[in-house]
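Peer 1: I'd like to ask some things about the structure below.
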Amino acid sequence: MTNVSEPITYCSYESPVGSLLIGGEAGGLEFLHFPESARRRFVEDGWVEDAKPYADLIAQLEAYFAGELKEFSLIWKLIGTDFQKSVWEQLAAIPFGETRSYGDVAKALGNPGASRAVGLANNANPLPIVIPCHRVIGANGALVGFGGGLDTKIWLLDHEGIPHGTCASKDQMAFQF
4 MTNVSEPITY CSYESPVGSL LIGGEAGGLE FLHFPESARR RFVEDGWVED
54 AKPYADLIAQ LEAYFAGELK EFSLIWKLIG TDFQKSVWEQ LAAIPFGETR
104 SYGDVAKALG NPGASRAVGL ANNANPLPIV IPCHRVIGAN GALVGFGGGL
154 DTKIWLLDHE GIPHGTCASK DQMAFQF
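Quick look at the structure:
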């Protein structure tokens, strides 16, 4: 017996940080990708363009970028390992205007030695902005990476009024946990 999946529906949303690709199976919300992301998906044959299933997300993104929304309220389907999903739940709980370090997230999961694993799960977040991985910074306050690019991370932190450190230099490790 073959596993037949529903077609991916998608739309693009022009945001202040670039064109975001939004989509998921059968109109569900499974991903949001930045234009410069190394993990970005591209529209594939068989995908169906339809913005209707994402009208609520688009309205909430509009309100977020207008400074009127501080917490997203959406139904999504996260595809990942149990550990990744637990990290993403922790990220979703970081309040607007605040940051956490990778170590803080690992401690909240009850595994203080898992900072690097948290960093990898953070990088695999399928719904950036909605699940605010941009609010995770290095233990020393440095901005050590972001799938949408550090300029986008800085924009989002500035938009939320979050003071932040400097970007990690190219000579530093990719992640300073």
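Heads up: the sequence shown runs through residues 4 to 180, numbered per our numbering.
Note that the Cβ used here is the ideal one computed from N, Cα and C, for glycine as well.
Values in this document were obtained by computation on a predicted structure and should not be read as measured data.
For Ala177, name the three-state secondary structure that DSSP assigns.
Peer 2: Low per-residue confidence applies at Ala177: pLDDT is 44, beneath 50, and the placement is therefore not dependable enough to give any value.
Peer 1: Go to Phe34, then tell me how far its alpha helix (DSSP H) extends in each direction, as first and last residue.
Peer 2: No alpha helix (DSSP H) holds Phe34; the beta strand (DSSP E) holding it covers 34-36.
Peer 1: The alpha helix (DSSP H) spanning Ile181 covers which residue range?
Peer 2: There is simply no residue 181 to check, as the chain begins at 4 and stops at 180 in what is shown.
Peer 1: Can you pull the DSSP bridge partners for Tyr16?
Peer 2: Leu23
Peer 1: Identify whether Thr5 lies in helix, strand or coil by the three-state DSSP scheme.
Peer 2: Its pLDDT being 45, under 50, Thr5 is placed unreliably in this model, and the coordinates cannot settle the point.
Peer 1: Give the secondary structure of Ser76 by DSSP, where H, G and I count as helix, E and B as strand, and everything else as coil.
Peer 2: Coil, per DSSP.
Peer 1: Suppose the cutoff is 6 Å on Cβ atoms and the five residues either side in sequence are ignored; what does the same chain contact list for Tyr57 look like?
Peer 2: Cys14, Ile25
Peer 1: Once the 5 residues before and after Ile82 are set aside, which same chain residues still bring their CB inside 8 Å of it?
Peer 2: Glu33, Pro129
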